[in-house]
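The block underneath contains the structure these notes are about, expressed in structure tokens.
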Amino acid sequence: MSASFHLPPPPSVAAAASGSSLAFSGGPPDGTPKRKLSVRAQLGQLCKEGRLELARRLFDTLPRPVPTVVWNTLLIGYVCNSLPMEALRLYALMDAAPDAYTFSSTLKACADERRLRAGESLHGRLLRLPRPGLLRNRVLNNSLLGMYAACSPESPRAAAAVRLLFDRMPKRNVVSWNTMLGWALKARRPLDSLKMFKKMVDGGTRPSAVSFVNVFPAVAAMEDWRNSMVLYGMLLRHGDEYVDDAIVTSSAICMFSELSDVSAARRAFDRSATRNTEVWNAMIGGYVQNDLPEDALDLFVQILAQDAVLADTVTLIAALMAASMLQNSTAPPPVILSNALMVMYSRCGSVQTALDLFHQMPEKDVVSWNTMASALVQNGLETEGSCSADAVTLTAALSAASNLGDIRTGREAHGYLIRHGIGGGAGMDSYLIDVYAKSGAVEIARRLFDMAGERREQDLVTWNAMIAGYAQAAQAEPAVALFRKMLLEEEDDDHLAPSAVTLSSVIPACGAAGGLRSGRENVFVGTSLVDMYAKCGCVDGAEKVFDGMREKNSVTYTTMISGLGAHGLGCRALSLFWEMQWRGMAPDAVTFVAAMTACGHSGMVEEGLELFHLMEEEFQIPASVEHHCCVVDMLGRAGRIKEAYDFARELGEDGGFVGIWGSLLAACRLHGELELGKRVAERLFEIERRAGGAAAAGVSGYHVLLSNVYAAEGSWEKVNGIRRRMRSRG
5 MSASFHLPPP PSVAAAASGS SLAFSGGPPD GTPKRKLSVR AQLGQLCKEG RLELARRLFD
65 TLPRPVPTVV WNTLLIGYVC NSLPMEALRL YALMDAAPDA YTFSSTLKAC ADERRLRAGE
125 SLHGRLLRLP RPGLLRNRVL NNSLLGMYAA CSPESPRAAA AVRLLFDRMP KRNVVSWNTM
185 LGWALKARRP LDSLKMFKKM VDGGTRPSAV SFVNVFPAVA AMEDWRNSMV LYGMLLRHGD
245 EYVDDAIVTS SAICMFSELS DVSAARRAFD RSATRNTEVW NAMIGGYVQN DLPEDALDLF
305 VQILAQDAVL ADTVTLIAAL MAASMLQNST APPPVILSNA LMVMYSRCGS VQTALDLFHQ
365 MPEKDVVSWN TMASALVQNG LETEGSCSAD AVTLTAALSA ASNLGDIRTG REAHGYLIRH
425 GIGGGAGMDS YLIDVYAKSG AVEIARRLFD MAGERREQDL VTWNAMIAGY AQAAQAEPAV
485 ALFRKMLLEE EDDDHLAPSA VTLSSVIPAC GAAGGLRSGR ENVFVGTSLV DMYAKCGCVD
545 GAEKVFDGMR EKNSVTYTTM ISGLGAHGLG CRALSLFWEM QWRGMAPDAV TFVAAMTACG
605 HSGMVEEGLE LFHLMEEEFQ IPASVEHHCC VVDMLGRAGR IKEAYDFARE LGEDGGFVGI
665 WGSLLAACRL HGELELGKRV AERLFEIERR AGGAAAAGVS GYHVLLSNVY AAEGSWEKVN
725 GIRRRMRSRG
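If you read the sequence shown in the working numbering, its first letter stands for residue 5, the second for the next number, and so on.
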């Protein structure tokens, strides 16, 4: 049965794009009745796409009076698109009764523009309103607090108001505390920052990543090494969610570097699985700050060797400072300095300068040879040297031979590998296969490929190299046959899923072999290619195939919508959803799952809920468990936990599915809704008791989630009870 959860009518992307109508005036050519669609949804869609001028023109055509919710949509659009002055001008024109969303978004605009008087005027209006409940709204109180905090550096009056407002807040959450921590940091009051952090934790509020980012500099400013270790230990106990946050990591590295604890800074760097430019810069800068130029340059070489795009102006300035510190010495420049300079020159395209520096080096290590070999390889040259080669050097040499089709160099490197017993694994095999295939020795390449299979060292790169070798040698049928074998192997090994590289080789081979009668124009093949490109993460490639298809069916559209949604491109996915209807293709249940999932992954909750309404009311498609899961997941991701819970509860018998309540439990844990999380868990265990068998096995995985909920609450006895229950089940 369907839930009685009320949902508004669906939006129209097509009407919003035209900007000339308040209703979707088109329709499929099959004579399907036209549908009147939500103006607010159209405005919201335009704002999400950043088309504010078109949104304003649409808004100005609306008959007066305009409802408050529509004013709010455009106000929020201006604020979210960094147009605070436009938001303030719009608020000045507003002739509808403001609500909490109106005040919250306008206060954010005041904060962005540092307009204290305008913010105070809003605060005064709030106090005069005959709705005292607004003053107890936590989101609104946080907006007021943020406005005064943003204006406090320029105004002692605002600084006093920050503290007074915070002390009088009826309810505080982590956003309230983070605002105060940030305010204390900007006001250069590190002791207040540390005290507030302790008070927040003691009061039971779980610190967020922003909390740590705000308190770390305070500890560094106080030169408080002991509390730096306490705070970082607390961070580690919160799990990988914070440890892998690049902003938190760079802040921790800066804190330890300020305290001259470079070892702790390096441990924080090594723990991070997500290293962006800021993390690398923080660690390199920490070494320079603590007079460790060699370590700084060593890290500089690593960042350029991994990905030169990660290095920015700050990185280069820090590296040059480290180099100048070493060059001030009268001794010859150390090998590490020369290596760093070689990498920098080669990455900037000055390979000859790097080569000259290489020849001038009195001593060379393996890193020197690897650096120079890689530089030469990237420019289509070969290298030789007297230094003993390792697997990295030989890989570079094989890459050069592969690029040049130089079988002699490839054979020499292969012979060196055999004589010295150097095993490069699948990576080395792929280079050897590529060398032999490009030089026309496809039979030798195939023998190497089969030998790698016997050693169980075939990976995706090895398969791609062999398929590409056949394709480049104009042996289309073996290429297609090997590709089919790869698809069979994929059933037992998920790591062998074809990639964009695979497709770039096998598609021309299929055409040459006559395996695809209509090539890309074949709907089935085209849809498969769209799906494969999207699953490989190549959305641009999927869209190119999709756009190039002369014929498309509803499955093609559904596949493209699903691919866009999986990569967070909800607006584009929704546009395709409306386009397919315009072209006369009615969406089915699977299409709605794809479109609603896309909305959920892109934070487009209202649009997703309206699709759910459209599916049941207009298309007469009964909602399945997958659709119900989509609704719960959308609401849960957006933090609207109570609505998600009410929706799941109103499903009745249709709500007895593990996935629905499991999604809700995960959302409760993510947003700290501990009490509700426990009620959700009870519902899951009720399903487990009634169902047994496979359904019970599905529920057992959520014991871990519930254990985490109790752990966050500090109920360790209940945690141990759940773990004992899990062990008893095996």
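Glycine included, C-beta positions come from ideal geometry on N, C-alpha and C.
Computed from a predicted structure; not experimentally measured.
Option nearest residue i by Cα separation, candidates the options
i       : options                               : result
Thr-466 : Glu-481, Ala-478, Gly-444 and Met-490 : Met-490
Glu-654 : Met-536, Tyr-537 and His-632          : His-632
Ala-91  : Asn-280, Asp-116, Ala-100 and Ser-159 : Asp-116
Pro-102 : Pro-134, Arg-121, Tyr-82 and Cys-84   : Pro-134
Ala-671 : Lys-442, Asp-433, Arg-641 and Lys-682 : Arg-641
Met-329 : Gln-310, Val-178 and Asn-294          : Asn-294
Leu-120 : Leu-149, Asn-141 and Arg-132          : Leu-149
Arg-271 : Met-233, Ala-315, Val-292 and Val-305 : Met-233
Lys-112 : Met-151, Pro-297 and Leu-296          : Met-151
Asp-274 : Asp-64, Val-292, Asp-244 and Glu-298  : Asp-244
Leu-62  : Asp-265, Ala-627, Gly-54 and Leu-50   : Leu-50
Lys-442 : Gly-473, Ser-434 and Ala-256          : Gly-473
Gly-541 : Val-505, Glu-555 and Asn-85           : Val-505
Glu-614 : Val-635, Ser-628 and Pro-626          : Val-635
Leu-263 : Ser-342, Arg-68 and Ala-225           : Ala-225
Tyr-440 : Arg-459, Met-455, Arg-415 and Ile-625 : Arg-415
Leu-130 : Phe-107, Leu-56, Asn-146 and Asp-454  : Phe-107
Ile-80  : Arg-60, Arg-68 and Pro-67             : Arg-60
Ala-87  : Pro-591, Leu-56 and Thr-209           : The residue you asked about is not Ala; residue 87 is Leu in the sequence shown. If we check each option's Cα against that of Leu-87, Leu-56 comes out closest.
Rounded Cβ spacing between residue i and residue j (contact assumed at less than 8 Å)
i       : j       : result
Leu-303 : Ile-288 : 5 Å
Phe-216 : Leu-239 : 6 Å
Met-470 : Ala-449 : 7 Å
Ile-565 : Ala-599 : 6 Å
Asn-76  : Ser-42  : Between Ser-42 and Asn-76 the Cβ distance is about 14 Å, and since that is not below 8 Å, they are no contact.
Glu-611 : Ala-96  : Actually they do not touch by this definition, with Cβ atoms about 29 Å apart.
Ala-191 : Ser-156 : 7 Å
Ala-100 : Thr-72  : 4 Å
Asn-85  : Gly-123 : The pair is not a contact, with the Cβ atoms about 20 Å apart (cut-off 8 Å).
Ala-538 : Gly-567 : 3 Å
Thr-209 : Val-166 : The pair is not a contact, with the Cβ atoms about 18 Å apart (cut-off 8 Å).
Val-534 : Thr-560 : 7 Å
Proximity of residue i and residue j at Cβ, strictly below 9 Å
i       : j       : result
Ala-477 : Val-446 : yes
Glu-282 : Ser-261 : no
Ala-250 : Asn-280 : yes
His-605 : Ala-652 : no
Val-105 : Leu-94  : One point to set straight first is that residue 105 is Tyr, not Val, in the sequence displayed. Their beta carbons are not under 9 Å apart, which means Tyr-105 does not touch Leu-94 by this criterion.
Ala-222 : Leu-189 : yes
Val-219 : Leu-235 : yes
Thr-531 : Asn-557 : yes
Arg-142 : Met-173 : yes
Gly-574 : Met-608 : yes
Ala-256 : Ala-277 : no
Ala-475 : Ala-483 : yes
Leu-639 : Leu-669 : no
Ser-503 : Asp-463 : no
Ala-344 : Val-292 : no
Val-761 : Val-347 : Lying outside 5 to 734, the shown extent of the chain, residue 761 is not represented and no answer is given.
Asn-145 : Ser-180 : yes
Gly-663 : Val-629 : yes
Residue interval of the alpha helix (DSSP H) (run including residue i)
i       : result
Lys-112 : 104 to 117
Arg-142 : 142 to 155
Val-70  : Note, Val-70: premise wrong, no alpha helix (DSSP H); not H, not E.
Pro-221 : 213 to 225
Leu-573 : Taken as a continuous stretch (DSSP letters only), Leu-573 belongs to no alpha helix (DSSP H), as it is neither H nor E.
Met-233 : 229 to 241
Gly-208 : Gly-208 -> no alpha helix (DSSP H), and no H or E assigned at all.
Leu-668 : 662 to 674
Gln-49  : 43 to 52
Phe-260 : 250 to 262
Asn-85  : Premise fails: Asn-85 is in no alpha helix (DSSP H) and is neither H nor E.
Arg-554 : First-last for Arg-554: undefined, no H or E at that position.
Arg-193 : Careful: Arg-193 lies outside any alpha helix (DSSP H) and carries neither H nor E.
Thr-281 : 281 to 293
Asp-746 : The chain is shown from 5 up to 734; residue 746 falls before or after that span and cannot be answered.
Residue i beta carbon near the ligand COA (any heavy atom closer than 8 Å)
i       : result
Glu-493 : Inclusion of the ligand COA in the displayed structure is not the case, the ligand content being empty and no account of it being possible.
- In the segment 436 to 464, which residue ranges form an unbroken beta strand (DSSP E) of at least 3 residues, counting only runs that do not cross its ends? Counting whole runs of 3 or more residues, the segment 436 to 464 contains no beta strand (DSSP E) stretch at all.
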